[in-house]
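Taking it in order: structure first as structure tokens, then the write-up.
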Amino acid sequence: MRLGFTLEKMIFLAAIALLTGCGKEDIKVYKIPKESAVAKPHQQPQEQWKVVGDVPQNWEEKGPSGMRIAQYVVRGKDNSQGEVAVMPMVGLRANKNEILAIWKGQLGQDVVEKSEKVKIGEDEGELFDLSSKQQQSPELPQRILVAMLIKDNVNWFFRISGASNLVEQSKSDFIKYLNSIKIIKASQHQTEAITKPNTSANIPSTNIKSDFKTNEQIRMVGIIASAGSYAMFFKITNSAVERHKDELNLLNRSGFKNVAG
Amino acid sequence: MKKWLPYFIVLLLGLWVLASLRPPATKNGFDYANFGKLPALLNGRIQPLDSVSRNCLLQIRSKPSVRLKNGETLLPSEWLAEVLFNPSKADDREIFVVDHPELLGLLKLGEGKQLVSFNQLRPHFAEIEKQAQRAQQIEPARRTTFEKQVVKLYTGLVVFQKLKNSLYPEEYGSLETAINDLKANLAPGLEAFRAKESNKQFNQDNLNKLVQTLQKWEVASQMAYPGLIPVIELKQGNNQWLSPGEVLNQIIHDESLNFPRPIDAYIAMNVAYQKNDPNGFNKAVADYQQWLATNFPKQFSKSKSESFFNNFAPFAKAREIYLLAFLFACISLFNLTEWLRKSSFNILALAFILHTFGIIYRMTLEGRPPVTNLYSSAVFVGWTIALIGLIVERAYPYGISVLVAAAGGFATQIIAHYLSLTGDTMEVLRAVLDTNFWLATHVVTIALGYGAVYVAGLFAIVYIILGVFTKRLTKEIALLLNRIVYGVMCFAILFSFLGTVLGGIWADQSWGRFWGWDPKENGALIIVLWTAIFLHCRWGKLVSERGLMNLAVFGNIVTTWSWFGVNMLGVGLHSYGFMDTAVFWLILFIASQLVIIGLGSLPLRFWKSHPEHTSNKSPQTV
Amino acid sequence: MWLDKLINALTSIRLTVVCLALAIVLVFLGTLAQVDKGIFIVQKEFFQSIIVISDLRILNHKIPIIFPGGYLIGLILIINLIAVHFKRFGFHPQKIGLLLTHFGILVLLVGQILIDHLHIESSIRLVEGESKNYSESYTRCELAFVKISDADSDTVVSIPESYLYKGNVIRHPQMPYEIRINEYYENSQIERLSAQSNERGAATLGFGASLRVIPLPPVTTTDRRNAPSAIIELIGNNAPKGTWLVSFFIDDGQTFRVGNEQWQMFLRPERYYKPYYITLLDFTHEKYPGTDIPKNFSSRVKLTNPQTKEEREVLIYMNNPLRYGGETYYQGSFDPNDDRVSILQVVKNPAWTTPYIACALVGFGMALHFILKLSAFVKEQKKR
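Protein chains in written order, with the working numbering: chain A, 19 to 279; chain B, 157 to 778; chain C, 147 to 530.
This is the structure in structure tokens:
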């Protein structure tokens, strides 16, 4: 009968609709081809280089992470700790004053700054000695030595930081390290590093997701962005002007500042 | 005699329209209109300096025109010429509008709406910048009115600053001076530079001078807003429109020192302007235009066409004529003479022709289907309403349809006008919207659907107003309106449904999801559902004729929600956004429609005329 | 009798109107609610439910909402549609337009319910030169344990996020250990402990030893996703003793040994593996000259299928997807900070044809119905 047929259909449809909504999710198991079979591209510039130098006994290697292609933990005589980091940056768009400002910021208000020339490998770089009279907070260093070198369009930063006396003790070691630096361009991308199993508890490296930047990267970007009211219009042109970079301060503030005097 | 009046009136109006095709007058001999035809690149599209000026003025003072304190008006291109060629004078023009009480207080400007100049605001720049940058961190929908106003003022100041530096670094005062300074320092400076590079003795002074000059140009070129100089055959191969600063970069890099013709042209204009030599100025403009016609014919022709369109302003004219048609139609409903009705029809037709002309002209200018943004949707919906009204009036010549069409046309043009103040109405389309096929099908169909629902709603409003307030709602008229509303609603559901579906298909083709429960999609769905309710109520005889009219009027609310309401969601729900103009008008409109529905729901004894009501009285003569 | 009354109600056009009206209110409320809750949650609570038990936030007031849900209204409409048609219309030639229309609506409603359950959206993020054979979910995460000690392939045990709650113990025959969830954070942030710090790491084994977890409230807007973390422990005779930190932020797998098997653990966006690889060869991002406004995006990709030995290049751009293997790849998005990154949107939707069929039916049916009516009307007018 017509109506009966309708009734059945209704119940049937109702059942479908209700049932499709329920059910607990299952654990899925499946096989995939070995990950190392997949090619990965050169993703970050730091993976193209390797830095070797004369590393003293009390520097413990930490392994690369994030922007740092080399890291060491410095163990001081009085059980204090400092750190050494090597950071190359490609396409950096700020001048050294801006970058020094970041580290000065870590030191606090009264920062004493000294600079001298230093040999980094075969090239000449500049060594900045930043120290504050008082430690800002336990996590932040009290003195930073940072050596800067521009080579092949890459800005290299070699930094040692920690408590005042630790850095003082390590200064000569640091300079010896700088003198002996060799920058090697890695010809082959190291896929093993990604799939190598690591069972020890002292995990040297952590590849923290690069989308979520480390604090340093964020501050770097912030300084560059703030150096100029019209940050979005800031582009370095390939003009003759570029060649005179050390004579120009391209981070002129906008007409606003000029106008307001 | 009366037979000819309808045509005579329209003829007069037509002549008035044609009269405005005359080229605008010169001011003190300077042909600014011609200057305004010169093309430039701004916001990704080539536009005439006239449009550049209007778009900048919109950002500076929310109006595409300059009216000074003494009542004098400056043409947009006139103002732009002053900014480019005499920036120090432009600094003194009182073009910035400040009327928020807290902002006035902050800037120590006294009470009431104030017109101020750039120079007058100079002492407060740091403060304005500080306040604006703080406000810009807050989500736009959540800013207070003070924060919105200070951001607007700051943006306006920035735009003004950028314009002043678009041709040359502001401090030089003129393009000629700037170029001469560069030429003077270039050769000695380059020589010094080359000497230094080869480790020879060099003149540090010359080098410094060159560096400083280049520095100034570098800053200016980064600030430049419109790209004024077309450059042919750059290394990249494409034609580009750059600021003179960027052009100079190229020239110096190549060390060719060949200044392109346009720079010479602007120098000539600059010189003539500052010497107060209108003939020289006009000649420089004309010469440059000749060069453009040969070397950049497509861009120049587009630029000329857009400039013409700006000045002719067919939509503004149509708006006025729609209003006139509305008045005539109103009177004809009560006077009932045929010549009045015919006049109103003819006037409506003229408005419609202008309206159509404007839409087609814009389509050819942009190379796009008629609806690409909110502004053009308003214009098109108005066109739909007018078209349906004209067709219905031809079928049923009672003058009511003219009333509806004219009201709809006028109202949508007002809305469009206010939308035009929010930015460039011909702005370029973002990537996902860059598809003419879907713009032509989905968007146009939806707009047709909106228009149809409004037409049905307007006819229903006429039904209720006639019935409650006049004696005109006879059996015949009521039946007529009933049929019209039904017929238009059928049209409405078909196009609304089709439009919604096409939108779904577009979404499926673009990102794989037919229906995403997005506010805009939901709004369109609600319209389809509402028109379906109307039709089902009619077929099932669930409501009376008056009930159907009420439903049709409610359709106006539903459509307006879908069209505008969904865009205001962020604002409306997070703040007491009543002071926000658009939200305020939306609520006012909804309230007005509810009032009319209220009237429609009144018991019949309150109606002055109604078929059921007057069944025992003799029918009124029509 | 009550059955007669029920049948009368179900076959009445009044029910249709009531349902349509309820639908309008539901859609309206859902639109308002998604401002604060996001489309994803509103879809689940309002449109894909039988009853809506939720709240709405207007002008800083929270208003509770109890209302029939989308599935309920849809279900009643479907029943009503079928019932009315059987009772009233039959197969009258004049009503053929209406029949088609309503049948089309039926297909649309049922199709949407099917799509709700069968439709999977995910994304692939590729840097130029990179290849991937999996896509990732936008919202769902999985706790994945991968056995890497077999020679020819890896085995993945994928545990849905719904299993991750404090105190739960997860077992599966493929895993020679059990997993206890000590802590679970739906949304979190990770920080590295500084070298000088004495603070204890979030876990005793693995990367967690030098990391700190900061719990965060779950996200409410559609442009962000939750980044979960969890502290887990492996239980079993052969499993290493200690706690591990798994997190959305930790890309590298943490390896451990159980007997002679080696495993890695990840907490990552849910992956959908495919039997083929997509390689991004080139990504172009055209902007309008002199602006930042995007004009066009396109990705040139290479499709490699080792099983079918297919290898070809395809161009994917806006409004022009790649359809392969039952899935469709759209040019979804890009990374504003990196010009070489392309993000493809991957959609698996077996029921994709239903809206098209439905709309063709409805469109045609409506047009037919109205044309028939119009011609009848005109004929009647002519007679007069």
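Glycine residues also receive a C-beta, built at the ideal position from the N, C-alpha and C atoms.
Segment contact flag, the segment 286-293 of chain B with the segment 239-249 of chain B, C-beta cutoff 8 Å, min 3 pairs: Not touching, per the Cβ criterion.
>> Is there a C-beta anywhere in chain C that falls below 8 Å from the one on serine 666 of chain B?
In response: yes
Report the residues of the segment 634-645 of chain B with a CB closer than 7 Å to any CB of chain C, ordered along the chain. none
Outcome for leucine 259 of chain B when other beta-carbon atoms lying within 10 angstroms are tallied against a minimum of 16: buried
Taking CB distances under 8 Å as the criterion, tell me whether isoleucine 159 of chain C reaches chain B.
For isoleucine 159 of chain C, the answer is yes, since a Cβ of chain B falls inside 8 Å of its Cβ.
Residues of the segment 226-259 of chain C with a CB closer than 7 Å to any CB of chain E: list them in chain order, please. Looking for chain E here will not work: the only protein chains present are A, B and C.
Check whether the Cβ of valine 302 of chain C lies closer than 8 Å to any Cβ atom in chain A.
Answer yes: the Cβ-Cβ gap between valine 302 of chain C and chain A drops below 8 Å somewhere.
Query raised in the report: In three-state DSSP terms, what is methionine 411 of chain C?
Result: strand
Measure from the C-beta of proline 74 of chain A to each C-beta in chain C and report whether the shortest distance is under 8 Å.
no
**Request:** Would you mind sorting asparagine 432 of chain B into buried or exposed? The rule is 16 or more other CB atoms within 10 Å of its CB.
**Result:** exposed
**Asked** Looking at the C-beta of aspartate 484 of chain C, does it have a partner C-beta in chain B at a distance below 8 Å?
**Response** no
### Message
Please classify threonine 224 of chain A as buried or exposed, where buried requires at least 16 neighbouring CB atoms within 10 angstroms.
### Response
Residue placement at threonine 224 of chain A cannot be trusted, given a pLDDT of 37 that sits under 50; what the coordinates show is reported in the next sentence. By the neighbour-count criterion, in which 16 or more other beta carbons inside 10 Å mark a residue as buried, threonine 224 of chain A falls on the buried side.
Which residues, in order along the segment 433-463 of chain C, keep a beta-carbon less than 7 Å from a beta-carbon of chain B?
-> Tyr434, Pro435, Gly436, Thr437, Ile439, Pro440, Lys441, Asn442 and Phe443
Residue closest to glutamine 342 of chain C, alpha-carbon to alpha-carbon, out of A/Pro51, A/Asn97, A/Gly143 and A/Val69 = Nearest Cα to glutamine 342 of chain C within the set A/Pro51, A/Asn97, A/Gly143 and A/Val69: A/Asn97.
When you compare the CB of valine 172 of chain A with every CB in chain C, is at least one pair closer than 8 Å?
Not an interface residue.
For this session: Give the secondary structure of tryptophan 160 of chain B by DSSP, where H, G and I count as helix, E and B as strand, and everything else as coil.
Result: coil
**Request:** Within the same chain, show all residues whose beta-carbon is closer than 7 Å to that of glutamine 180 of chain C, passing over the 5 residues directly before and after it, in chain order.
**Result:** Here glutamine 180 of chain C has Val188 as same chain residues with Cβ atoms under 7 Å from its own Cβ, once five neighbours each way along the sequence are excluded.
| request: Starting from the C-beta of valine 208 of chain B, find all residues in its chain whose C-beta is less than 7 Å away, skip the five residues before and the five after it, and write them out in chain order. | output: Taking C-beta separations shorter than 7 Å and ignoring five residues to either side along the sequence, the partners of valine 208 of chain B in its chain run Ala196, Leu198, Leu236 and Pro382, following chain order.
Checklist line | Backbone CA spacing between leucine 783 of chain B and asparagine 190 of chain B [nearest angstrom] | finding: Nothing about residue 783 of chain B can be read from this structure; chain B reaches only from 157 to 778.
query: For a contact meaning CB atoms closer than 8 Å, what does histidine 692 of chain B contact in chain C?
result: Those within 8 Å of histidine 692 of chain B in chain C are Ile159, Thr162, Val163 and Leu166.
Identify which residue in C/Arg486, C/Thr474 and C/Tyr423 has its Cα closest to the Cα of lysine 455 of chain C.
C/Tyr423
Start and end of the alpha helix (DSSP H) containing methionine 645 of chain B? 631-667
How many Å lie between arginine 761 of chain B and tyrosine 619 of chain B at the Cα?
Between the alpha carbons of arginine 761 of chain B and tyrosine 619 of chain B lies a distance of about 16 Å.
request  = Please decide whether proline 364 of chain C counts as near chain A, where near means a Cβ-Cβ distance under 8 Å.
outcome  = Using a Cβ-Cβ cut-off of 8 Å, proline 364 of chain C does not count as an interface residue toward chain A, since no Cβ of chain A sits closer than that to its own.
- Message: For glutamate 347 of chain B, report the span of its alpha helix (DSSP H) as first-last.
- Response: 331-353
Cα-Cα, which of B/Ser532, B/Asp187, B/Val558 and B/Tyr552 is closest to leucine 496 of chain B? It is B/Val558 whose Cα lies nearest to the Cα of leucine 496 of chain B.
Check your understanding: What are the start and end residues of the beta strand (DSSP E) that includes serine 500 of chain B?
Key -> Unbroken run through serine 500 of chain B is the alpha helix (DSSP H), 494-522; no beta strand (DSSP E).
Query - Helix, strand or coil at serine 98 of chain A [DSSP, three-state] - result: coil
Quiz item: Taking buried to mean at least 16 other C-beta atoms within 10 Å of its own C-beta, is glutamine 446 of chain B buried or exposed?
Solution: exposed
List the residues of chain B that phenylalanine 193 of chain C touches, going by C-beta distances under 8 Å, in chain order.
Trp673
Outcome for arginine 346 of chain C when other beta-carbon atoms lying within 10 angstroms are tallied against a minimum of 16 = exposed
Chain-order list of residues whose beta-carbon lies under 7 Å from that of lysine 441 of chain C (same chain, five-residue window excluded) = Glu432, Lys433 and Tyr434
ask   = Beta-carbon separation of aspartate 337 of chain B and threonine 369 of chain B under 8 Å?
value = For aspartate 337 of chain B and threonine 369 of chain B, yes; Cβs fall inside 8 Å.
Check your understanding: Would a check of beta-carbon distances place leucine 163 of chain A closer than 8 Å to chain C?
Key -> no
* What number of angstroms, rounded off, separates the C-alpha of lysine 439 of chain B from the C-alpha of glutamate 402 of chain B? -> 26 Å
Drop a sphere of 10 angstroms on the beta-carbon of threonine 520 of chain B, count the other beta-carbons inside from all chains shown, and report buried for 16 or more, exposed for fewer.
exposed
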